[in-house]
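Report on the following structure.
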Amino acid sequence: MNNLLFAAFGPQGGASSGGGSGGSPMSLIFMVIAIFAVMYFLMIRPQQRQKKQHQELLSKISKGDKIVTAGGIHGTIAGVKDDTVIVKIADNVKVEVSRASITKVVSSKASRPQVDKQEGNVKKEDKGDTGA
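Residue numbers (the working numbering): 2 to 133.
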């Protein structure tokens with residue numbers, strides 16, 4: 002490895018290094034490709050995965066979901082349009098914001114348990130688990 006770095010950045014031309022810095026240009030090219038591969042898997046790929054998850058989150062929002070916007074505004078979705086959503090942030094206060102400004106869904110209407118209003122009991126969804 003030291004020979005590779007020395008060959009790439011060391012003295013050029015007629016200056017002799019004493020030990021012979023025998024590094025081929027192919028090893029330098031291989032090293033650059035390896036660095037780009039590491040950068041891809043450590044930075045670019047996780048960023049693409051996070052962007053895809055955010056797009057899925059935005060496509061699944063519906064009326065009644067509690068959200069947080071990029072500006073830190075907490076509210077409940079009161080209406081959904083193509084590129085915007087109407088967010089209720091207080092009583093009689095509704096704001097129309099861009100879908101892209103939604104950073105987090107705090108609680109989704111679909112994930113909340115349903116409460117039986119007559120008895121006050123929480124209904125559990127049966128997922129087909131037999132318990133065996």
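Just so you know, even glycine gets a beta-carbon here, dropped at the ideal spot from N, CA and C.
Should valine 39 be flagged as near chain C, meaning a C-beta pair shorter than 8 Å? Of the protein chains in the structure, only one exists, and it is not chain C.
Please specify which runs of the alpha helix (DSSP H), each continuous and at least 4 residues long, are wholly inside the region 30–104, giving them in chain order. 46–60
Using C-beta distances below 6 Å, list every residue in its chain close to alanine 133, excluding the 5 sequence neighbours before and after it, in chain order. Because alanine 133 sits at a pLDDT of 45, beneath the cut-off of 50, its placement in the model cannot be relied upon, and the point is left open.
Closest to valine 69 by CA distance: which of Lys53, Phe31, Lys89 is it? Lys89
Between the Cα of glutamine 56 and the Cα atoms of Phe42, Ser109, Ile103, Ser108, which residue gives the shortest distance? Ile103
Since arginine 1 and threonine 77 are thought to touch, with beta carbons under 8 Å apart, how far apart are those beta carbons, to the nearest angstrom? Given that the chain is displayed from residue 2 to residue 133, the structure contains no residue 1 and the question cannot be resolved.
In the structure shown, what three-state DSSP assignment does serine 28 receive? Helix at serine 28.
How many angstroms separate the CA atom of isoleucine 62 from the CA atom of valine 33? 43 Å
Whole-Å CB distance - valine 106 paired with aspartate 66, under 8 Å assumed: 6 Å
So which of Ala71, Ser109, Ile74, Val98 has the shortest CA-CA distance to aspartate 83? Val98
When the distance is taken between beta carbons, is glycine 80 closer than 8 Å to isoleucine 87? yes
Selection from Pro26, Gln48, Leu58 that minimises the alpha carbon distance to serine 109: Leu58
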